[in-house]
Each structure stands twice: as C-alpha cells, then as structure tokens.
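Undergrad: One structure, as structure tokens, below. Some questions next.
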Amino acid sequence: MTGPMTGPMTGPLTGTGALIRLILRRDRLLLPVWVTVAALVPYGVASGAASLHTTPEALRRYADEAMGNPAQVAMRGVVYAPTLGGVTAWGAGMSGALIAALAGLLVVIRHTRAEEETGRRELLGSTVTGRHAGLTAALTVVLGANLVAAVLLAAGMIGLGLPVAGSFVLGLSTAGVGVSMGAVAAVAAQLTVGSGAARGLSFAALGALFLLRAVGDARGSWPSWASPFGWARLSQAYTGDRWWVLALFAAFSGVLTAVAYRVAARRDLAAGLLPDRPGPRTAAPALRGPLALAWRTHRGPLLAWTAGCAAVGALLGGAVSGAREQISGLFPGPDALFTFSLLVLSQAVAGYAVSAALRPRAEERDGLAELLLAAAPGRTRWAFAHLAFAVAGPALMLAAAGTALGLSYGAATGDIGGALPALLGTALLWLPAVWVMAALATALLGLLPRAAAAVAWALLGAFLLVELAFEFGQVGETVLGLSPFSHIPKPLLGAPLDLGQPAALLAIAVALAAAGMAGIRRRDITA
Amino acid sequence: MTDVLLIEELRKSFGRARALDGLSMSVAAGEAHGFLGPNGAGKTTTLRVVLGLLRADSGTVRLLGGDPWADAVTLHRRLAYVPGDVTLWPNLTGGEIIDLLGRLRGGLDPGRRAELIDAFELDPAKKGRAYSKGNRQKVALVAALASDVDLLVFDEPTSGLDPLMEAVFQEQVARARGRGATVLLSSHILAEVETLCDRVTIIRAGRAVESGTLAELRHLSRTSVSADLAAPPGGLPDLPGVHDLHLDGTRLRCQVDPGGLDDLLATLARLGVRGLTSRPPTLEELFLRHYEGARR
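Taken in sequence, the protein lines are chains D and E. If you count by this note's numbering, then the first sequence holds residues 26 to 552, one letter each, in order. If you count by this note's numbering, then the second sequence holds residues 11 to 306, one letter each, in order.
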C-alpha cells in the first residue's frame, strides 16, 4: 500500500471523472430525453413553418402578423427577417432556450445541493474526491449535454435544407442559455442550505432574466442585452449569424462558475452562505394539524409565486400602455397580449400546482410521512392539506396577476372600473385548467406513486409542447384538445363566454382528485 | 394479561420480494418486548404494518384491540413511534416538531417535555435541517417519551446516540414502563435489548424463529466456557456437545450444549484446571447461532 504522500496526484478536482460517470448513470433516462426534446422542438417548428408558409409572401405575411402582436414579441422576441430561417429561429428560439435552461438548472441542483442535503455528498466526499469534483462534474455534464443537443439541433435543421452556419448559431446559442442557467443554479446551490430553496432561487433568476428579454424586445431597447435569453435571439441565427454573441454566454457562465467555486471553497459541507438562525423553542398554538404543517411547508413558495405573478401583471399592464403608442398602426389591441400572457402565466402556475400536489410524495420518500402518519392524522387529511394548497394557491396567484394587470392597465388608460373586473375575471377563467393539472398529479400520487412525479411533469411538459406543435401545424385539433389549456374560452378575443368547457374541466378535476384520494387511502406508504 | 399486539401468519411482499413470510408474535401489556433480527429480516416492514402504513397481504394483526389498517387514526392516539432513520421538516425547529407530534397524538406533558429535553441535552431552537442524525433521533424520542401513550414503538432507537445518551434512553424507557407503558423495541444492538427487555422475538427472513423470555431462550442454548489449564494438553478428545473449541497454549475456549457440560467438566478436571469461567451466552451469541445458517 502506498502512503498518503506517495499516491497519485490529488487535488480539488480528483474524482471528477468518476462523478461524471455516476451522473450519467443516474440520469441515463433524463439526459437523452432532454437532448432529444431540445433538438426535436426546433425541428418541428422548422418543418411546420416550411409546410405552412410555402411562398416568400406567405412568410412575410406571417412575420408581419407576429410582429404586430406584442404578446408574440414579448414571448419569442423579434423576427429579424421574414425568411424560413428567420421564422424558424424566432418560433423555436425561446422554447428551446427555456427547455435548455430548465434542464440545466435542475440537473445542477440535483447533483450538487440536493446531494449535500441528503448526505450522499458526504459519503462521496469521504472517498477520494476533491472538494470541487461534485460541482465540476455537474457543470461538465450540463455543458456536454447542451453541446450534444446543439449538434443534434443543427443537424436536424441542416437536414431540412437550412444554412449550416445559421443552424450551428441557433444550436449553440440555445446551448448557451442552458449552460448559463446551469451556472446560475451552481451559484444558488452554494447560497442556500435546502435544495428546494436553491431551486426556487434559480427559478426566480430564470424568470427575471426571461422578463428582461421580454421587456427589452417589446420596447426594442437594451434590457435584452442583459439576459442570456436575449443573447439567444440577438445571435440572429440565419439572419446575421453573429457568432461573437456566443462569447457572452461563455463570459456569463465563466464568471458565475468562478463565483460558485469561490463560495464553495469558503463554506463548510452542508452549510449555506447564510447561517441558520435559531427558531422558536416551542410551537405556536396554531401549529397543531396537517393543514398548519402544510402551510409551513408551502408558505414560502406560495408567497413568492403570488408576488411574482403580481409583478408580472403590473409590468405587462404598464408595458402594453407604452407599446400601444409605439406601434399603433399594427397593434390589434391589448387583448391579444393579455390573453396570451394569461395562458403562459396559467401554465407557469400549473407548475406550482403540480409541485404542491406532489408534495406528499416527497414527504413519503423522505420518511417524513412515516413520522407524521404514525402520529394520529389520517392519511386523507394529510394528502388533502397539500391538495388544498395546489387548489387555493393557483387561485391566489391568478387573482394577484389579474388584479395587478387590471390596476396597472386601468390606471394607464384611466378606466380601472372597466379593466379590473374584465382582466381579473379572465385570469380566473384559467383556473379549471390549472386544477386539472393539480388533480392529475393527485391521481398519480394515489394510483402510481413511484412514477407520479416523472409522469406528472412529463404530462405538463407535453401539454405545453402540444400548443407549440399545433401552432406550427405538426398536430391537429384532436391532439391539441388533450391539453386542458386548450379548452378555456378567450372572451377578450371576442369568443363567446361559454362556461361549459371550464365546467367540464372542473368535473374532470374533481373526479381525478377523488380517484387519487381513494388510491392514497388504499395503498402502502412507501419510500 | 392481555396482548397489546398480536400478529398471526403475517405475510407481505413487495413485488416479487417477500418481506414477511408468515410472521407470528405477541406483545403482552406492560412488557418490554425486544424484536431482534439482522438487517433485511423484516423488522421495519413488520412495524410499518403494525402502524398501518403498509397493508398486509394476509394474516391478522390486532393492535390495542383494533385493526391497525382500518383504525389507524384512533390507535395512533395511543401509541408513539420513533423510526430508525428520523427525517425532520427542514424549516421547523426541533421544539416545534416535538410539540406538533405531541399535539397530533393528543397532547404531551409539558413538564416531562422540559425534563426530557434537558436529559437528552437537546437544543430545541435549531432548525430540523441543522440537526445531526443523533439529534434528529432525540427530537423524535423526546416527542414520543413526553406523550402519554399506552405503547411505545422504537425502531433501532439508539443507532445514532452516543453511549451516554444510550444510558439516558434506557433510563427514560424504564420510567415510561413505570407509568405502565408497553414497549416494543426493534434492534440489532443486543446489549440494549438485554438491558431493557423482558421477552424477545427473533426474526429471520420474514419469520419469527424464536420467541420467549431471555431465560427461556438461554435454556435452549449453550454455555460459554473458558479455562486455564495446568499444562498444555497434547490433544483433546472429541467430546459430544462441544463446539467452537479453541486452544491457545494452556487457554481453552469453547461452547457447550447443556447435555455436554458433564463430560467437558470431567475431561477438564483430569487435565488440571487453574482457572475456569462459565457464563450464559450473551444475546450476541444466541443471535449468531440463529443466523449463522442464513449467512452461509
């Protein structure tokens, strides 16, 4: 045996290779799915655009129409040129960037802070692994997966006959967003003690960066240059191919990664940057049942989401009244923007609903359910307590968004009395679709516990992609109809206010939730 | 004496893996019952069925006169459970968790709560995520021991505690028994079971292989003998009932079946004995005997 001084060279990165293999092994399903979806979405958009708009005139009409709608500009950015490449990069750019960003963020948190929180990092840290091996391995995997996705994406585009250079600019700038958000998550993972808080912080950063680009693009001004999402469009794939913009991603990720390493080198294992303060030695009288306990679990995310929704609503209302003067000739009225924004917002809120509804599963996996359910409350009450937040939380969030939207837009137009009830009502109209997602997660929780989280998130992701696929002609009405979000009437766009479909969604939600509860009553509580 | 817990022919499978294979055991009111077995024998699965977290495939379980699955909520007001691997809500303090669990069981004794926190040297102002394994266990132990319940169920309760805290745990369990509580303690720490328990059930591969008081189990077992002989014996005759014989110069160690003691002692006497100790087997030795078959 060799002594400690005569062994192979060891440093802070020792063992990174082994940890990379561990991540690839653990995520052997997740990574290929991510890479495939990231490459398929732009491919679908491109082939759809090519088959829907066959002449240059058709493309121009389509591009003009899109640019006339501030909602489209806010969500997807500017169409730089009415060519097939220009429309494709515009239609696929932000969806691809969001997929890459979410995946990069989740993979980094999952393999850094979550590992530390569960103590697995400690187990690995006691073997021959360097201090920075874990973080380096996670970031390397995110970089590698993004590069593979970039090449696949480019290959698909080239296969459709689009220019080679532009295809690589599109692929690499999408990958750049993924790597940048991975670096954001790497910093967040150093700051907080809990992986949930690190994830929340990263999501907040993602939302803020996306909003910067949305505001910047809608106003045609600088904020887009302050966000990786902005760079993804500003690299102008197929319409200018500004390769140098890719350097911004590298600089952004490089700086944040350096910050993450600096913080990691200074803090203790399992500690955050902010030390935990002592809390109360006894519980408040109100903390006495599953509902009170659920409130303690959900209140942080609930309040953050509600504040975020109100902020987005207020910003949108203000942005629209500004944009109205700017592009008055083309502007079809703020209603299209509001309708589209509320759809996107309700889909984001559905993400909250799914995560809240799946919370009992997380408690089960962690062993909290075992401790709790051995002490009196029935399991139905326990599951109901969490479902209550999945139901009431979205209502609060959409109400906050609708109210803020109505107030800010009404204040700008001098018609609060008209704008507030109309916009608040429209926002709440999306609730049944959100509730179907919460109920779906509850049904899975009761009937298919082990796969519940994966299936619930996959379904939500699929419903979002179906909308995109429908827009670019890849699927028909029937497939679109699978998404609960497609059944919400859009009264602001002049559609009749038919409450039949929301009522049907509500009935489906109740049935799904009841099935889930019945399942929870009957099944084993297992890790 | 009535049975607090009665299990008959309990079976439970997870997919194709059979965790419990016809387990039968009983715990009488007021006793401290040790539930012994190696890792993976089915101890935790049994406790989870008893707590109504898992549903039995077949067999009957009567807990405090009720059905653990159907009457879970009412039964849980009368018992307290400390899991083997305690997880706490990361954002609640230890004190808050103790109160919450106590209230869910129908209230706890504030005087005893303070006394236990003191005895276990627990800081109740820390957040759940900041506790070490041992301290997480203490939180659950304080919550359980401060509750007025008929049955205390512990799953490897001291696996994270240091010896000093183990002693505190044993003292507190003795006090709880003084108040009339029944104790079911699953463990593979045999010294703990020996100190605390009146009766034990030994489980292997999902079946109870033996059950009884410690005295009864010893009766079934061997005696450990070690002797210091006058001179190194040239060789030893093959004696019936003698096992695991080790000879190191003049020192001899072996295990003897009750029927083989006479022959062994006679043989030793012929060789000349300078020193002799014989003692009942520790639970450890009993344990090894039951599982050596399974290990090979």
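For every residue, glycine included, the Cβ atom is placed at its ideal position computed from N, Cα and C.
Are any of the Cβ atoms in chain D nearer than 8 Å to that of Glu106/E?
TA: Position 96 of the second sequence, counted from the first residue, corresponds to residue 106/E. So, interface residue.
Undergrad: Should Phe365/D go down as buried or exposed, given a rule of 16 or more other Cβ atoms within 10 Å for buried?
TA: Working through the first sequence from its first residue, we reach residue 365/D at position 340. By the 10 Å Cβ count, Phe365/D comes out buried.
Undergrad: Using a Cβ-Cβ distance cut-off of 8 Å, determine whether Ile134/D contacts chain B.
TA: This model lacks chain B altogether; the protein chains it does include are D and E.
Undergrad: Please go through the stretch 121-165 of chain E and give each complete beta strand (DSSP E) segment of 3 or more residues, from N-terminal end onward.
TA: Runs found: 161-165.
Undergrad: When you compare the CB positions of Val66/D and Gly121/D, do they come within less than 8 Å of one another, or not?
TA: By one-based count along the first sequence, residue 66/D stands at place 41. By one-based count along the first sequence, residue 121/D stands at place 96. Against a cut-off of 8 Å, the Cβ pair of Gly121/D and Val66/D comes out as a contact.
Undergrad: Spell out whether any CB of chain E is found under 8 Å from the CB atom of Thr322/D.
TA: Along the first sequence, read from residue 1 onward, the residue named residue 322/D stands at position 297. Closer than 8 Å to some Cβ of chain E, the Cβ of Thr322/D qualifies, so yes.
Undergrad: On the DSSP letters alone, give me the boundaries of the alpha helix (DSSP H) that His86/E sits inside.
TA: Position 76 of the second sequence, counted from the start, is the residue given in the question as residue 86/E. Counting along the chain, the alpha helix (DSSP H) containing His86/E begins and ends at 82-86.
Undergrad: Where does the unbroken alpha helix (DSSP H) through Thr113/D begin, and where does it stop?
TA: The count along the first sequence starts at 1 and reaches residue 113/D at position 88. That run of the alpha helix (DSSP H) goes 109-136.
Undergrad: Let me make sure I understand the geometry here. Which of Ala289/D, Gly431/D, Ala494/D, Tyr263/D has the alpha-carbon closest to that of Val189/D?
TA: Position 164 of the first sequence, counting from 1, holds the residue named residue 189/D. The shortest Cα separation from Val189/D among Ala289/D, Gly431/D, Ala494/D, Tyr263/D belongs to Tyr263/D.
Undergrad: Exposed or buried, which one is Glu389/D when buried takes at least 16 other CB atoms within 10 Å?
TA: Here residue 389/D is taken as the residue at index 364 of the first sequence, counted from 1. Glu389/D should be labelled buried.
Undergrad: In this structure, how does DSSP classify Arg306/D when only helix, strand and coil are distinguished?
TA: Within the first sequence, numbered from 1, the residue matching residue 306/D stands at position 281. DSSP places Arg306/D in coil when its eight states are reduced to three.
Undergrad: So, helix, strand or coil for Leu445/D, using DSSP?
TA: Position 420 of the first sequence holds residue 445/D. Helix at Leu445/D.
Undergrad: Tell me where the alpha helix (DSSP H) around Val535/D begins and ends.
TA: Position 510 of the first sequence, counting from 1, holds the residue named residue 535/D. Taken as a continuous stretch (DSSP letters only), the alpha helix (DSSP H) holding Val535/D covers 525-547.
Undergrad: Am I right that Pro107/D and Ala243/D are in contact with their C-beta atoms under 8 Å? What's the rounded C-beta distance?
TA: Residue 107/D sits at position 82 when you count from the first residue of the first sequence. Residue 243/D sits at position 218 when you count from the first residue of the first sequence. Contact doesn't hold; Cβ gap of about 19 Å is too wide.
Undergrad: Between the Cα of Ala213/D and the Cα atoms of Ala319/D, Gly304/D, Tyr286/D, Leu472/D, which residue gives the shortest distance?
TA: If you number the first sequence from 1, residue 213/D lands on position 188. Ranking Ala319/D, Gly304/D, Tyr286/D, Leu472/D by Cα distance to Ala213/D puts Tyr286/D first.
Undergrad: Does the beta carbon of Leu197/D fall short of 7 Å from some heavy atom of the ligand ZN?
TA: Of the ligands one can find in the structure shown there are none, so the ligand ZN has no counterpart to examine.
Undergrad: Name the two residues that bound the continuous beta strand (DSSP E) containing Leu195/E.
TA: The residue you call residue 195/E lines up with position 185 of the second sequence. Element bounds for Leu195/E: 192-197.
Undergrad: Which residues, in chain order, does the stretch 79-100 of chain E contribute to contact with chain D at a C-beta distance below 8 Å?
TA: From the stretch 79-100 of chain E, only Ala82, Val83, His86, Arg87, Leu89, Ala90, Tyr91, Pro93, Asp95, Val96, Thr97, Leu98, Trp99, Pro100 have a Cβ closer than 8 Å to chain D.
Undergrad: Mind checking Phe24/E: buried by the 16 CB within 10 Å criterion, or exposed?
TA: In the second sequence, the residue the question calls residue 24/E occupies position 14. It is exposed - the Cβ of Phe24/E has fewer than 16 other Cβ atoms within 10 Å.
Undergrad: On a CA-only basis, which of Asn101/E, His43/E, Asp128/E is nearest Val210/E? Give me that one, please.
TA: The residue you call residue 210/E lines up with position 200 of the second sequence. If we check each option's Cα against that of Val210/E, His43/E comes out closest.
Undergrad: State whether the stretch 431-445 of chain D contacts the stretch 510-528 of chain D, with contact taken as three or more CB pairs (one from each stretch) at a distance under 8 Å.
TA: The stretch 431-445 of chain D is not in contact with the stretch 510-528 of chain D.
Undergrad: Tell me, please, whether the stretch 537-547 of chain D touches the stretch 460-471 of chain D by the rule of three or more beta-carbon pairs shorter than 8 Å.
TA: Yes, since at least three Cβ pairs between the stretch 537-547 of chain D and the stretch 460-471 of chain D fall closer than 8 Å, the two stretches touch.
Undergrad: Quick check on Pro167/E - is its C-beta less than 8 Å from some C-beta in chain D?
TA: What you label residue 167/E is simply residue 157 of the second sequence in a count that begins at 1. It does not: the Cβ of Pro167/E has no partner Cβ on chain D nearer than 8 Å.
Undergrad: Taking the continuous alpha helix (DSSP H) assigned at Leu200/E, which residues delimit it?
TA: Looking up residue 200/E in the second sequence gives position 190. Start and end: 200-206.
Undergrad: Could you name the residues of the stretch 539-550 of chain D whose beta carbon sits closer than 8 Å to any beta carbon of chain E, in the order they occur along the chain?
TA: Correct list: Arg547, Arg548, Asp549, Ile550.
Undergrad: Measuring straight from C-alpha to C-alpha, what distance separates Ala222/D and Ala225/E?
TA: By 1-based counting over the first sequence, the position of residue 222/D is 197. By 1-based counting over the second sequence, the position of residue 225/E is 215. Distance between the alpha carbons of Ala222/D and Ala225/E: 55 Å.
Undergrad: Assuming Trp407/D and Pro305/D form a contact by the criterion Cβ under 8 Å, report the distance between their Cβ atoms to the nearest whole angstrom.
TA: Counted from its first residue, the first sequence places residue 407/D at position 382. Counted from its first residue, the first sequence places residue 305/D at position 280. That pair is no contact at about 23 Å.
Undergrad: Give me the DSSP bridge partner(s) of Tyr105/D.
TA: Locating residue 105/D in the first sequence gives position 80, counting from the first residue. Paired residue(s): none; Tyr105/D is not in a bridge.
Undergrad: Hey, out of Leu454/D, Pro81/D, Ala317/D, whose CA is closest to Phe409/D's CA?
TA: Start at 1 with the first residue of the first sequence, and residue 409/D comes out as number 384. Answer by Cα proximity: Ala317/D.
Undergrad: Within the 8 Å Cβ cut-off, does Pro134/E reach chain D?
TA: The count along the second sequence starts at 1 and reaches residue 134/E at position 124. By this cut-off, Pro134/E is an interface position.
Undergrad: Check the Cβ of Glu395/D against every Cβ in chain E and list those closer than 7 Å, keeping chain order.
TA: The residue you call residue 395/D lines up with position 370 of the first sequence. In chain order: Leu63, Pro93.
Undergrad: Within the same chain, show all residues whose beta-carbon is closer than 6 Å to that of Pro516/D, passing over the 5 residues directly before and after it, in chain order.
TA: Against the first sequence, residue 516/D aligns to sequence position 491. For Pro516/D, where only same-chain residues beyond five positions count, the Cβ hits under 6 Å are Leu522.
Undergrad: Tell me which residue opens and which closes the beta strand (DSSP E) that Ile213/E is part of.
TA: For the purposes of this step, residue 213/E is identified with residue 203 of the second sequence, where counting begins at 1. 209-214 is the extent of the beta strand (DSSP E) around Ile213/E.
Undergrad: For a minimum of 4 consecutive residues, which ranges assigned as the alpha helix (DSSP H) are wholly contained in the stretch 415-494 of chain D?
TA: Qualifying alpha helix (DSSP H) stretches, in chain order: 441-454, 456-472.
Undergrad: Got a sec: which bits of the stretch 493-518 of chain D sit with their beta carbon under 8 Å from any beta carbon on chain E, in order along the chain?
TA: Those would be none; no residue qualifies.
Undergrad: So, for Ala378/D: in the same chain, excluding its five sequence neighbours on each side, which residues have a beta-carbon less than 6 Å away from its beta-carbon?
TA: Mapped onto the first sequence, residue 378/D falls at position 353. Once the five neighbours on either side are set aside, the close Cβ partners of Ala378/D are Ala415, Pro419, Val459, Met462, Ala463.
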